[in-house]
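Residue numbers (our numbering), protein chains in the order written: chain A, 486 to 718; chain B, 486 to 718. For each residue, glycine too, the CB sits at the ideal point set by N, CA and C.
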C-alpha cells in the first residue's frame with residue numbers, strides 16, 4: 486500500500502522538527518520545504534537541512550523568496566532590531582513577518598500539487614505566539630478552505646488537509662513529545678539572531694521560550710550559546 | 486482627504502494593465518506589485534515596469550520568488566512546452582502554475598500590511614481561463630476571508646477587500662473598458678512565450694485570446710509579432 490504524501494514546513498527550529506517527527510510517526514511520506522526569505526538568522530537554513538537529512542526520506546527543498554524587499558519585520562529588516570528585553574509588545578510583535586505563514590503555506594500548496602500531496606503540516610502555535618495573527622486556529626481553518634478551492638483538488642479527488650498539531654501545546658509539551666519520538670534538538674536553531682554557527686543570543690523571545698520549555702519539561706536543552714552569554718528566561 | 490491605498494497585481498499583460506486603470510479611475514492610491522517567478526516570458530517584467538511608469542504614482546515593486554523550482558507548469562518548466570495548437574486541454578491547462586494566484590495574493594497581502602493598504606486588486610478572469618482553479622469567484626471570496634484572519638487587520642481597523650473587477654468580463658469588454666480609460670495596450674505583453682523584445686508568437690492561448698478580444702471589440706491590436714508570423718485566433 487502506498488503511503489500518503491505530506492508536505493512539512495521545516496524552518497530549522499524545534500517546533501517544525503517536532504512536527505516532522507510527528508508526521509513520520511503517523512506513517513506519512515514526508516517531503517520537507519523551507520524558505521530562504523531574507524531572514525537575518527541564516528543558520529536556521531543549515532539547521533533545516535540537517536534535520537531533513539536525519540528525519541526525512543527525501544531531499545529538503547529550499548525555495549527562495551525575497552520577503553525582505555517588502556520589509557516591516559525585525560526578522561528581515563536591518564532597520565528594526567530583534568527585541569531582547571523579554572517584555573511583550575502591545576499587540577503584534579515586531580518579529581511578525583507580514584503574511585509569512587500565508588505565503589509559506591501557499592508555496593507549499595503549489596509544491597504539494599506538483600508532487601501529489603494532500604497533507605500540509607505547519608508548526609504554528611497559538612500559545613507562545615499569541616500575538617501573531619497567522620498562528621491561530623481560525624487562520625489554519627481558513628487556509629484549508631482556500632486550499633480546496635485554489636488548486637486542482639477542486640476537480641475531484643482527495644481534499645487538502647492542513648494540520649497544525651502543535652497549535653494548543655505548550656513549549657514544554659512540544660519538547661517532551663519530540664524527545665519521546667527521538668528528535669535530536671541539538672540540530673535545531675531557535676534564536677532570532679543566531680550567528681553563522683547557530684550559536685544563540687540567549688535573550689530574544691525565541692531563546693527565552695525555548696529555554697523555559699526545556700526547563701518546564703525537565704529536559705536538557707542542547708542549545709549552543711555565544712561565548713560569554715548568560716541565557717535568560 | 487487622504488486616498489485609500491490599493492495594491493494592484495501587475496503582470497505586464499493587458500488584463501492587469503486594465504485593472505490598474507480601473508482602480509485609478511476610482512481615485513485609489515495605487516501601488517503596483519509584480520513577480521519575477523521564473524517565467525519563461527521575461528519580457529512581461531519590462532512591460533509591467535513600463536505600464537507602472539505610465540499609470541501609477543509610485544515605483545513598481547518587483548518581488549523575486551523561485552516558483553520554477555517547484556515545476557509543474559509550461560510557464561516555468563523547460564520540460565513542458567507552451568501549447569500552440571489552440572485546442573483546449575481537458576481539465577486544467579498545462580500553463581496553470583500551481584497555486585500561483587494564491588502565492589501572489591499572499592505576498593501582496595504582506596506588502597499591503599506594511600504600507601497600510603486594505604484593497605487588493607487582481608486581474609483574474611473566469612471567462613477566458615475557466616480551467617484555472619484560482620481564477621474563479623469562489624477563490625477570490627475565500628482569499629478575502631483568509632486575509633481578514635491572517636493579518637494585523639484582525640486587531641480591528643479596516644477590513645481587507647480583494648477585488649477582481651474583470652472576473653465576469655469577456656476579453657472584448659476588457660479592452661473596450663481599458664481603451665475608454667486611455668490604456669496604451671502597445672505597452673502590454675500577453676504572449677506566454679514572447680521574445681526578449683516582447684514580440685509575440687501569435688499561436689499560444691494567450692495570443693489567440695488577445696487577438697480575438699480586440700477583433701470582437703472592433704479595436705486595433707498593437708501587438709508586435711515575431712518576424713514572419715501569421716497570428717492565429
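DSSP beta-bridge partners for residue 604 (chain B)? B:491 and B:646
Interfacial residues, the stretch 551–570 of chain B to chain A, with Cβ spacing under 8 Å: 551, 552, 554, 555, 556 and 557
Could you list which residues in chain B have their beta carbon closer than 7 Å to that of residue 598 (chain A), in chain order? 557, 583 and 584
So the beta strand (DSSP E) residue 547 (chain A) belongs to, where does it begin and stop? 546–549
Residue-level contact to chain A via CB, residue 630 (chain B), 8 Å cutoff: yes
Proximity winner among A:559, A:611 and A:646, relative to residue 597 (chain A) (alpha-carbon distances): A:646
What residue range does the alpha helix (DSSP H) around residue 692 (chain B) cover? 690–702
With burial defined as no fewer than 16 other Cβ atoms inside 10 Å of the residue's Cβ, what is the status of residue 526 (chain A): buried or exposed? buried
Since residue 620 (chain A) sits in a beta bridge, which residues does DSSP pair it with? DSSP, once it has assigned bridges, lists no residue as partnering residue 620 (chain A).
Closer than 7 Å by C-beta to residue 649 (chain B): which residues in its own chain qualify, once you throw out the five before and the five after it? Chain order, please. 607, 609 and 625
Separation of residue 543 (chain B) from residue 491 (chain B), as counted between CA atoms: 11 Å
Excluding the five sequence neighbours on either side, which residues of its own chain have a C-beta within less than 6 Å of the C-beta of residue 699 (chain A), listed in chain order? 660 and 706
Answer with yes or no whether the minimum CB distance from residue 495 (chain B) to chain A is below 8 Å. no
Whole angstroms is fine: what's the gap from residue 587 (chain B)'s alpha carbon to residue 550 (chain A)'s? 15 Å
Taking 6 Å as the limit between beta carbons, can you name the residues of its chain near residue 547 (chain A), skipping five residues before and five after? 519 and 521
Mind listing the chain B neighbours of residue 430 (chain A)? Cutoff is C-beta to C-beta under 9 Å, in chain order. Residue 430 (chain A) is absent from the model: chain A starts at 486 and stops at 718.
I want to verify the contact list: residues of chain B whose CB lies under 7 Å from the CB of residue 619 (chain A), in sequence order. 635
Which listed residue (B:495, B:662, B:569 and B:667) has its alpha carbon closest to that of residue 715 (chain B): B:569
If residue 506 (chain B) and residue 663 (chain B) are in contact, beta carbons under 8 Å, what's the gap, nearest whole angstrom? 6 Å
From A:557, A:513, A:523 and A:502, residue whose alpha carbon lies closest to that of residue 538 (chain A): A:502
Look at the alpha carbon of residue 563 (chain B) and the alpha carbon of residue 516 (chain A), and state the distance between them as a whole number of angstroms. 23 Å
Within 10 angstroms of the Cβ of residue 653 (chain B), are there 16 or more other Cβ atoms? Answer buried if so, exposed if not. exposed
For residue 685 (chain B), which residues from the same chain have a beta carbon less than 6 Å from its beta carbon, with the 5 sequence-adjacent residues on both sides left out? 676, 679, 692, 708 and 710
Span separating the alpha-carbon of residue 534 (chain B) from that of residue 670 (chain A): 47 Å
Quick one: what does DSSP say residue 486 (chain A) is sitting in, helix, strand or coil? The pLDDT assigned to residue 486 (chain A) is 45, lower than 50, so where the model puts this residue is not dependable; a value taken from the coordinates is nonetheless given after this. In this structure, residue 486 (chain A) counts as coil in the three-state DSSP scheme.
Whose C-alpha, out of A:635, A:509 and A:656, is nearest the C-alpha of residue 593 (chain A)? A:635
How would you label residue 529 (chain A), buried or exposed, when you count the other beta carbons within 10 angstroms and need 16 or more for buried? buried
Could you pull the DSSP bridge partners for residue 519 (chain B) from this structure? B:547
Measure the beta-carbon distance from residue 591 (chain B) to residue 627 (chain A) and round it to whole angstroms, keeping in mind my assumption that it falls under 8 Å. 12 Å between Cβ atoms; not a contact.
Between the stretch 651–671 of chain A and chain B, which residues of the former have CB atoms less than 7 Å from a CB of the latter, in chain order? none
Could you give the DSSP three-state label for residue 670 (chain A): helix, strand or coil? helix
Measuring straight from C-alpha to C-alpha, what distance separates residue 599 (chain A) and residue 540 (chain A)? 22 Å
List the residues of chain A whose Cβ lies closer than 9 Å to the Cβ of residue 587 (chain B), in chain order. 587, 590, 591, 592, 594, 595, 631, 632, 635 and 636
CA nearest to the CA of residue 656 (chain B), picked from B:643, B:488, B:688 and B:498: B:498
DSSP three-state call for residue 677 (chain A): helix, strand or coil? coil
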